[in-house]
Amino acid sequence: MVKSVFSKAWKSSRSPAKQRKYAYNAPAHIKRKMLSSGLAKELRTKHKTRSMTVRKGDKVKVLRGQFKGHIGKIDRTDLDSCKIFVIGAEVIKRDGTKALYPLHPSNVIIVELEMSDKKRSKILERKLNKGNIKPKKIQKDATDKKVKNEEEK
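The sequence shown begins at 5 in this note's numbering and counts up by one.
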């Protein structure tokens, strides 16, 4: 019988089946991090970060699948299935009604961020200031010895 309990050491396995199992059984705070998508080049340079977790209201561009090239806002996110629903990416059901098509966040790129949330803007500020850390000072004695040793050789 297979255990269905989430293990904190889930990243250590190389087996795809175990990776899927742990992803499905992950708690909500970890599943939320799995709902991340890459940023467009303009946003990457502006915010100095490569990816963000997607949320309702973000404008995304679909990169893969039958809706490739479509740009729309995220209507809702589903943590259980790890899918997002983009306005305009719709399929027509048998009864004629339209339904939003579920997309995986790895298949979209964020074009415009929803910045109404103060927590999200703080996260971006924190990531922006991350690169402003002062480098550690190196002792002059150690560097001088290395230079002298290289000159002698």
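Just so it is clear, CB atoms sit at the ideal spot from N, CA and C, and this is done for glycine as well.
Taking Cβ to Cβ, would you say Ile2 is nearer than 7 angstroms to Ile75?
No information on residue 2 is available, as it lies outside the stretch 5 to 157 that the chain covers here.
Give me whichever residues DSSP pairs with Met56 in a beta bridge.
Ser41
C-alpha distance - Met5 paired with Lys22, whole-angstrom precision:
In this prediction, Met5 scores a pLDDT of 48, lower than 50, which makes its location untrustworthy; no coordinate-derived value is stated.
Do the segment 117-131 and the segment 90-105 meet, that is, are 3 or more Cβ pairs less than 8 angstroms apart?
no
Would you be able to state if there are at least three C-beta pairs under 8 angstroms between the segment 90-97 and the segment 42-61?
no
Starting from the C-beta of Leu67, find all residues in its chain whose C-beta is less than 8 angstroms away, skip the five residues before and the five after it, and write them out in chain order.
Asn111, Val112 and Ile113
Between Ala44 and Leu83, is the Cβ-Cβ spacing less than 7 angstroms?
no
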